[in-house]
Structure formats: C-alpha cells, structure tokens
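J.: Just add 11 to wherever you are in the sequence shown, counting from 1, and you've got the numbering used here.
Think of the CB as a built atom: it goes at the ideal place given N, C-alpha and C, for glycine as much as any other residue.
Just so it is clear, the structure is predicted and the values come from calculations on it, not from any experiment.
Before I ask anything, let me first share the structure, which is written out below as structure tokens.
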Amino acid sequence: MDLFYACALYVGILYVSLSLTIYLVHKHKAKAHGTTGIHDLPPGKTGYWPIIGETLDYFMAGRNDTPGKFVTDRTSRYSSDVFRTSLLGVGKNVAVFCGASGNKFLFSSESKYVTGWWPRSIKMVAEFPDPDSVDGYSTDDSSAKIRRFILEFVRPEALQRYIPIMDSMAKQHLEADWAPYEEVRAFPLLMKYTFALSCRFLMGIQDPTFVTRLGNMFALVSSGILSVPINFPGTAHYKAIQAGKSIRFDLLPIIKRRKREIMENKDTAVAKDLLSKMLLAEDENGRPVMKETEIGNTIISKLLASQDSSSTTIMFVVKYLAEYPDVYKQVWKEQKEIARSKGRDELLNWEDVQKMRYSWMVACEVLRLSPPGPGAFRRVITDFSYSGFTIPKGWKAHWNVYSTHLNPRYFPDPEKFDPSRFEGRGPAPFTFVPFGGGPRMCPGKEYARVQILVFMHNLVIKFRWKKAIPDEKIIYNPLPVPASGLPIHIEPRI
C-alpha cells in the first residue's frame, strides 16, 4: 500500500510539473505571437488548471445530462455572440461562436478566416499515420477531394438504388433481432444495424461475422474518441487508440485485395461501392487519385459516422416516440398509408420516402433536441474581428449546436418536443444545424435522412413499444449514450 501511495505521489508531482512546464511554454509562445498584447480578446477564462482549462466543466455538463449548460452558462455570463475558453486536446485559446450569426459567420468564412481542424487525439485513433505530414497524420488538404467522392456516392440517383436494399435489411434486422423477444436493448441493436448498412454500401462487405467483429472495435473507438485525451492504459482514450490500430490492421488488406481485383479486371471493373469508386479514380496521367491510407481514413471516418450519428439519431427517435404516443400515432398513420400503397413483397422506393413528411418533421425535432454531436472546430488562419473582439491567428474556433437549438430566441419553449416547428419554411437560417453548414456541411445529410426514414417506416409498421426504464439517463461523453442501452418492451402489431 505504501508503494501505491508513493507511486501516486510521484505521478501527481510529475503531472503538476509537466502541466506547469507546458503552461510556461504556451505562455512564451503567446508572447512570441503577440497574443498577450491584444486587449480586445473575447471574454471568458481558461480555467483554473494549466492545459486542462475548462475541459472538466465541458464534460461534466454532459455527464449531468445537460449538454447545453456549458455554452448557455457562458453566453449569459460573458457574451451572447462569442466567448473564450480552453480545452484539453483542442487548445489554450478557443473562441466559441454562438447564435445564428455566429454559425453564419463561421460557415461562410472557410479558407478566408478559418479552415477545418481535428484534434490530434482524434487523428491518433481514427487515421493511418502519414510520415510526410508535419504532425505524422493527414492534413486538411485532401478534404475537398474526399468530399467530391462522398457527394458522388450519395447523389439522388445513387440513393434511389440504396432504398430497396435499406428496406430489405431493416426488415431482416427487425425479424431476426427484435421480433423473437418481448424486451430488447434498442441502442446496441441500432448500432449493429446502421453499421451493417455502412459496411454494405461503403465496402460491399456482408459477412456477418466480420461485420460484427469490426463493429465491436468501432464501438470501442466511438466510446473513447472524444473522451478526455489521456493516453494511459485503462482510459477510454487508450482503448480507442488500441481499437483503431486493430481496425487499420483489418482494413488495409481489404483495400489491397480490392485494388488487386480491380487491376486484374480494369476494363470491366465498376464502382459498386465507395471503396471501388475511390480505387478506380485516376488523374489525367492515369495515376491513382488517392493513396491506400487516404482511402482507409475515408472509410474509417464514414463507418464512425454510421456508428455514432445514425444509430444515435434513430435511438432518440425510438425514445421520443415512446414518450409521445400522439406523435407515434401520427407517424404510424403516415407510414400505414404508404404501406397500403405497396404490393405484398414490394420494397420502398424514392417516391415513398418523399411522402414521409411528418416522419421527417419528427426526426428533425429529435435532431434539434438531441443532436448526435455537439459541433465542430476550426483553425483560425489569420487575425480577424467579430462582434467587436479580435480572434488571433492560431486560435481554434468552435460552433456548438446548443447555442441555437436550445435558445428560446429561435425556438420558443425550447425544451418542448414539437415537430410542428418544422412545418412550412421551418426554422430561421443557421438556427437548425445538426449537419453543420457552409462548404463543410455533412455530405451524408441526405443519406442519413433516407436511412432514418426507412427504419422508422419498418419499426412503426411492425411494433408498438414502451420504455422499460421511464427515467433512463442519457450520458453525454460528449456523444449521447443511454445509460442502460434504451431497453424497451415491444409488442408486434397484428
């Protein structure tokens, strides 16, 4: 026991010394860049502890099931337009832009004042190392190229082909994993379903054993990729890094094998999925447009999106429909009309999805109240002024969904679940931003819409349900997860 306390004391002293050293280095850099001489910086504070800053406040707000509290507390205390904070793994100086005006400014300032940025801690988990880059990982230069591939992958003509497959897979999933039981844990099953869909559309993989194993590793990544970035055995971040290594170990041979198959049949090869599309792409000189590791990074990022965003949104749809029977009834009526218009074994098509207007209003209200992610970060590439404050080059900028989604100025009675907010023209511009905005708006927005609606159709047609734990807590870390996996009692519809 004495040895334990001695080790703990040593680690504590080491941490304090390291924090103080890094703090002094940051302070020296700030002086070197002239930051300390700027007097009109946004209001706010950088926390009581060097390096950690306000990270604990940021995460604890989510742990207490109040993810918007971090932002709302500071907008009321400092400024409703922009405030300053400090977050471990992001930076000592982070400007948080608030409200519709803040969203509009950041979304329209790409390449002029800001550029895309992800913390290195996330890259360590989700990317192949890049020895040619400054920090050992990919730069943001390839994002536009990758975006073009994604937009091609989710264009309307492609989505029309995916809908019958989604419908068929949803029916199979509900029949195999839900129908035999009186109670299920919805969230793990939804993660399984959305991940299987993504493996099918992104890589053409349908082997259930491989998909399950890969999905389990992605679940570890999801639970730790946005946790406090401490790479120490036992922490969520450490487990995520190890799972990321295993994922890359499994994916690279798949990419190489598919590349070999394409080269052997180059004249007849077709882009049947995103992986093939990226491997087939060549420049004007006949050289591959993307490296194998770039392709791997893209596949990993899109699989992560399916593991997190899609499954989380559908989980909240299930939750809110259980809590609001009147809303469930209206969704069921809409979907029943569509089901009646179909032949016995006829699958859903594009026209059917376009008729699901009320169901999409419900999904949008779910995304407003319980978005799958809190927002994103940008890197400031030149000094600029906003709302009377100077934002220096080198700072990070952050837009946060909760600054508008839960703001009564934009959404009266914001805590109330009310799908009618999305009737007609819907919310004001830049107030409803679950998919971001501007040049970096999520390119998979329409894919997500189709995926959510196809599953809603099948679920409400097949089942009624009630929450097994009426007051189950949602834990934000910072991504939302139901504490017990959202267990529900299900009853088949006759």
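(1) Which first and last residues belong to the alpha helix (DSSP H) in which Pro383 is found?
(2) Determine whether the beta carbon atoms of Leu170 and Asn469 lie at a separation below 8 angstroms.
(3) Should Leu162 go down as buried or exposed, given a rule of 16 or more other Cβ atoms within 10 Å for buried?
(4) Among the residues of its own chain, which have a CB less than 7 angstroms from the CB of Ser381, if the five just before and after it don't count?
(5) Which runs of the alpha helix (DSSP H) at least 4 residues long sit entirely within the segment 336-393? Give them in chain order.
(6) Could you give the first and the last residue of the continuous beta strand (DSSP E) run that contains Ile499?
(7) I'd like to know whether the C-beta atoms of Ser179 and Leu358 end up nearer to each other than 8 angstroms.
(8) Run the proximity test for Thr304: is its beta-carbon closer than 7 angstroms to any non-hydrogen atom belonging to the ligand COA?
(9) Report the partner residues of Thr66 according to the DSSP bridge assignment.
(10) Apart from the five residues just before and just after Lys203, which ones in its own chain have a Cβ nearer than 8 angstroms to its Cβ?
(11) Pull up the CB-CB distance for Leu446 and Cys453, whole angstroms please, since I reckon it's below 8 angstroms.
(12) For the segment 468-498, list the beta strand (DSSP E) runs that are entirely contained and at least 3 residues long, ordered along the chain.
(13) In or out: Tyr487 buried (at least 16 other Cβ within 10 Å) or exposed?
(14) Hey, quick one: how far does the alpha helix (DSSP H) through Ser235 stretch, first residue to last?
(15) Look at Lys256 and Leu231 and say whether their C-beta atoms are less than 8 angstroms apart.
(16) By the three-class DSSP mapping on this structure, what secondary structure does Leu99 have?
(17) Going by C-alpha distance, which of Met135, Ser97, Thr83 is nearest Gly64?
(18) Using DSSP with H/G/I as helix, E/B as strand and the rest coil, what is Ile241?
(19) Leaving out the 5 sequence neighbours to the left and right, which residues in its chain are closer than 6 angstroms to Lys270 when beta-carbon positions are compared?
(20) For Glu121, write down the residues that DSSP places opposite it in a beta bridge.
(21) In the DSSP assignment, find the unbroken beta strand (DSSP E) run with Ala408 in it and report its ends.
(22) Where are the beta strand (DSSP E) runs, 3 residues long or more, that stay fully inside the segment 256-318, in chain order?
(23) In whole angstroms, what separates the C-alpha of Asn75 from that of Gly297?
(24) Assign Thr577 to buried or exposed, taking buried as 16 or more other Cβ atoms, counted over all protein chains shown, within 10 Å of its Cβ.
(25) Verify whether the separation of the beta carbon atoms of Thr126 and Arg390 is less than 8 angstroms.
(26) Rounded to a whole number of angstroms, what is the C-alpha to C-alpha distance between Val22 and Tyr69?
(27) Less than 8 angstroms between the CB atoms is what I'm expecting for Asn242 and Phe441, so what's the real figure, rounded?
(28) I need the DSSP call for Lys40, collapsed to helix, strand or coil.
(29) Note down, in chain order, each residue of its chain lying with its Cβ closer than 8 angstroms to the Cβ of Glu506, except the 5 sequence neighbours on either side.
(30) Give a yes or no on whether the C-beta atoms belonging to Leu67 and Pro240 are separated by under 8 angstroms.
(31) Would you kindly check if the distance between the Cβ of Thr401 and the Cβ of Leu52 is under 8 angstroms?
(32) Is it right to say Asn411 is buried, meaning 16 or more other beta carbons lie within 10 angstroms of its own, or is it exposed?
(33) If you count every other CB in all the chains shown that lies within 10 Å of the CB of Pro493, and 16 or more means buried, which is it?
(34) Quick check on the burial criterion: 16 or more other C-beta atoms within 10 angstroms. Buried or exposed for Tyr155?
(35) I believe Ile325 touches Ile266 by the beta-carbon criterion, under 8 angstroms. Please report the beta-carbon distance rounded to the nearest angstrom.
(36) Val93 and Ser320 look like a contact to me (Cβ under 8 angstroms); what is the Cβ gap, rounded to whole Å?
T.: Per the coordinate set shown:
(1) Counted from its first residue, the sequence shown places residue 383 at position 372. Taken as a continuous stretch (DSSP letters only), Pro383 belongs to no alpha helix (DSSP H), as it is neither H nor E.
(2) Within the sequence shown, numbered from 1, the residue matching residue 170 stands at position 159. Within the sequence shown, numbered from 1, the residue matching residue 469 stands at position 458. No, Cβ-Cβ distance for Leu170 and Asn469 is not below 8 angstroms.
(3) Locating residue 162 in the sequence shown gives position 151, where the first residue counts as 1. Result: exposed.
(4) Along the sequence shown, one-based indexing puts residue 381 at 370. Only Phe327, Pro491 meet the Cβ criterion.
(5) 336-351, 361-365, 368-380
(6) For the purposes of this step, residue 499 is taken as residue 488 along the sequence shown, with counting starting at 1. Where Ile499 is concerned, the enclosing beta strand (DSSP E) stretches over 498-503.
(7) Here residue 179 refers to the residue found at position 168 of the sequence shown. Here residue 358 refers to the residue found at position 347 of the sequence shown. It is a contact, given that the beta carbons lie within the stated cut-off.
(8) Questions concerning the ligand COA fall outside what the structure shown contains, since it holds no ligand whatsoever.
(9) On the sequence shown, residue 66 is found 55 positions in, with the first residue counted as 1. Partner(s): none; Thr66 has no beta bridge.
(10) The residue labelled residue 203 in the question sits at position 192 within the sequence shown. Only His184, Asp188, Thr223, Gly226 meet the Cβ criterion.
(11) As a first step, residue 446 is located in the sequence shown; it is residue number 435 there, counting from the start. As a first step, residue 453 is located in the sequence shown; it is residue number 442 there, counting from the start. It is Phe, not Leu, that sits at residue 446 in the sequence shown. Phe446 to Cys453, Cβ: 4 angstroms. Contact.
(12) 474-478, 485-487, 491-493
(13) The residue given as residue 487 occupies position 476 in the sequence shown. Buried, since its Cβ has 16 or more Cβ neighbours within 10 Å.
(14) Locating residue 235 in the sequence shown gives position 224, where the first residue counts as 1. A quick correction: the sequence has Gly, not Ser, at residue 235. First-last of the alpha helix (DSSP H) with Gly235: 219-235.
(15) Reading the sequence shown from its first residue, position 245 is the one you call residue 256. Reading the sequence shown from its first residue, position 220 is the one you call residue 231. No, they are not a contact pair.
(16) Position 88 of the sequence shown, counted from the start, is the residue given in the question as residue 99. Three-state result, Leu99: coil.
(17) Taking the sequence shown and counting its residues from 1, one reaches residue 64 at position 53. Closest option to Gly64, Cα to Cα, is Ser97.
(18) In the sequence shown, the residue the question calls residue 241 occupies position 230. Here Ile241 sits in coil by DSSP.
(19) On the sequence shown, position 259 is the one that residue 270 refers to. Taken in chain order, the residues that qualify are Leu290.
(20) Counted from its first residue, the sequence shown places residue 121 at position 110. Looking at the DSSP assignment, Glu121 forms a beta bridge with Val125.
(21) The residue labelled residue 408 in the question sits at position 397 within the sequence shown. Ala408 -> beta strand (DSSP E) spans 407-411.
(22) none
(23) Within the sequence shown, residue 75 is the residue found at index 64, counting from 1. Within the sequence shown, residue 297 is the residue found at index 286, counting from 1. So the two alpha carbons sit approximately 55 angstroms from each other.
(24) What is shown of the chain runs 12 to 505, which leaves residue 577 out entirely.
(25) Locating residue 126 in the sequence shown gives position 115, where the first residue counts as 1. Locating residue 390 in the sequence shown gives position 379, where the first residue counts as 1. It is a contact, given that the beta carbons lie within the stated cut-off.
(26) Against the sequence shown, residue 22 aligns to sequence position 11. Against the sequence shown, residue 69 aligns to sequence position 58. Any reading at Val22 is ruled out, since the residue's pLDDT is 36, under 50, leaving its predicted position unreliable.
(27) Residue numbering aside, residue 242 sits at position 231 when the sequence shown is read from its first letter. Residue numbering aside, residue 441 sits at position 430 when the sequence shown is read from its first letter. Contact flag wrong, Cβ pair sits at about 36 angstroms.
(28) As a first step, residue 40 must be located in the sequence shown, where it is residue number 29. A caution first: Lys40 carries a pLDDT of 48, below 50, which makes its placement in the model unreliable, though a value can still be read off. It is helical.
(29) With the chain represented from 12 up to 505, any question about residue 506 goes unanswered, as that position is not in the structure.
(30) Translated into positions along the sequence shown, residue 67 becomes position 56. Translated into positions along the sequence shown, residue 240 becomes position 229. Not closer than 8 angstroms, so no.
(31) Your numbering for residue 52 matches position 41 in the sequence shown. Your numbering for residue 401 matches position 390 in the sequence shown. A contact, by the Cβ cut-off of 8 angstroms.
(32) Reading the sequence shown from its first residue, position 400 is the one you call residue 411. Flag for Asn411 reads buried.
(33) As a first step, residue 493 is located in the sequence shown; it is residue number 482 there, counting from the start. That one is buried.
(34) Walking along the sequence shown from the start, residue 155 turns up at place 144. One detail in the question is off: residue 155 reads as Ala in this sequence, not Tyr. With fewer than 16 Cβ atoms within 10 Å of its Cβ, Ala155 is classed as exposed.
(35) Your numbering for residue 325 matches position 314 in the sequence shown. Your numbering for residue 266 matches position 255 in the sequence shown. Not a contact, Cβ separation roughly 29 angstroms.
(36) Numbered from its first residue, the sequence shown carries residue 93 at position 82. Numbered from its first residue, the sequence shown carries residue 320 at position 309. About 27 angstroms separates the two Cβ atoms, so there is no contact after all.
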